[in-house]
Amino acid sequence: MNEGPDEQLARRVKAELRKRMRGLRKTAPLAACQERSREIRERLASLEVVKDAQRVALFWPIEDKHEVDLRPLDTTLRGRGVQIAYPAIDPDTGVMTFRFASPDELEEAGFGFSEPPVSAPEADELDLVVVPALAVAPTGHRLGYGAGYYDRTLPRFRPPASAVVVAFEYQLLMEVPATPTDVACDYVVTDKRVLAVSVETAR
Numbered sequence: 183m184n185e186g187p188d189e190q191l192a193r194r195v196k197a198e199l200r201k202r203m204r205g206l207r208k209t210a211p212l213a214a215c216q217e218r219s220r221e222i223r224e225r226l227a228s229l230e231v232v233k234d235a236q237r238v239a240l241f242w243p244i245e246d247k248h249e250v251d252l253r254p255l256d257t258t259l260r261g262r263g264v265q266i267a268y269p270a271i272d273p274d275t276g277v278m279t280f281r282f283a284s285p286d287e288l289e290e291a292g293f294g295f296s297e298p299p300v301s302a303p304e305a306d307e308l309d310l311v312v313v314p315a316l317a318v319a320p321t322g323h324r325l326g327y328g329a330g331y332y333d334r335t336l337p338r339f340r341p342p343a344s345a346v347v348v349a350f351e352y353q354l355l356m357e358v359p360a361t362p363t364d365v366a367c368d369y370v371v372t373d374k375r376v377l378a379v380s381v382e383t384a385r
């Protein structure tokens, strides 16, 4: 499928923004990232969609990339009896799935990623998906790493699943370039605020 001029421009702007946000993230002290992550976890745990969820997809942080650390939330949610799934990428097809697994079961998948083994049960339904981002806008549109895994996967679970993107406050921008294939999330949670995205924007 050929891209129009708007899509081509958005792709170029995304690439430049991705480079800039990666640079910013590298300069953030690890101690500050951990404190901000704690604040994000507290705000996330207070959301009704999180309290009501019984099947939740989280992501395991790539520490040297200074991502939001949700690991303690895994323990908290499991203590409530919540089933926790993590993303897994099929290296042959490039398709992302979510599989139910404990942290001890996660395996090194290259480039710092950890994912469930292929033997872990695949999630057919989820109540909540927590999504990482390099940058995010108040509209719920996010800038990922560029592979489009979440954009392709989220529609399979929504509805009924809600999608929550977590990011540090400095990653919250007034606008993030979006194309028709980019999927907006229902909530944005940073270390400073929670934003609920309108249904019209999120779909």
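Residues 183 to 385 (the working numbering) are what the sequence shown spells out, left to right.
Glycine included, each C-beta is placed from N, C-alpha and C at the ideal position.
Computed from a predicted structure; not experimentally measured.
Bridge-paired residues (DSSP) for residue i
i: M278; result: I271
i: R207; result: DSSP, once it has assigned bridges, lists no residue as partnering R207.
i: S219; result: None; S219 has no bridge partner.
i: E304; result: R281
i: R237; result: Q265
Residue from the options whose Cα sits closest to the Cα of residue i
i: A349; options: L199, R194, R207, A192; result: R207
i: L259; options: L355, F241, A235, I244; result: A235
i: F241; options: D309, S296, K374, G326; result: S296
i: M356; options: A317, G292, V371, T363; result: A317
i: E284; options: L308, V277, T363, Y268; result: Going by the sequence as given, residue 284 is Ser instead of Glu. Measuring from the Cα of S284, the nearest candidate turns out to be Y268.
i: E249; options: P337, R204, D368; result: R204
i: A343; options: V313, R262, G263, T209; result: V313
i: F392; options: K374, A239, I244, K233; result: Because residue 392 is not part of the residues shown, which for the chain are 183 to 385, the question remains open.
i: K233; options: G261, P337, Q216, F282; result: G261
i: G292; options: I271, T275, V277; result: I271
i: D306; options: A210, F339, G186, K247; result: F339
i: V257; options: D286, G276, A213; result: First, the residue type needs correcting, since residue 257 is Thr and not Val in the sequence shown. Selected option, being the one with the closest Cα: D286.
i: P341; options: P211, D368, D274; result: D368
Sequence-distant residues of its chain with Cβ nearer than 8 Å to residue i (five each side left out)
i: E198; result: none
i: G328; result: K196, A197, R200
Close-in-space but distant-in-sequence residues of the same chain around residue i (CB under 6 Å, 5 per side omitted)
i: R225; result: V371, V376
i: R237; result: Q265, L308, D309
i: A221; result: Looking at the sequence itself, residue 221 is Glu, so the reference to Ala does not match. So the qualifying residues of the chain are D373.
Contact set for residue i: own chain, Cβ-Cβ below 7 Å, skip 5 residues either direction
i: P223; result: Position check: residue 223 holds Arg in this sequence, whereas Pro was assumed. Same-chain partners within the cutoff: L252, P254, L255.
i: T361; result: E189, A192
i: A315; result: R324, L325, G326, V347, A349, Q353
i: L288; result: W242, Y268, S296, E297, P298
i: P337; result: V365
Q: Taking 8 Å as the threshold, find out whether the stretch 329-346 comes into contact with the stretch 186-198 through three or more Cβ pairs.
A: No: the two stretches stay apart, fewer than three of their Cβ pairs being nearer than 8 Å.
Q. Could you give the uninterrupted runs of the alpha helix (DSSP H) lying entirely in the stretch 308-380, keeping only those of 4 residues or more?
A. Taken in chain order, the whole alpha helix (DSSP H) runs of length 4 or more contained in the stretch 308-380 are 331-335.
Q. Taking three-plus beta-carbon pairs below 8 Å as touching, is the stretch 289-306 in contact with the stretch 216-232?
A. The stretch 289-306, when compared against the stretch 216-232, does not touch it at the 8 Å Cβ threshold.
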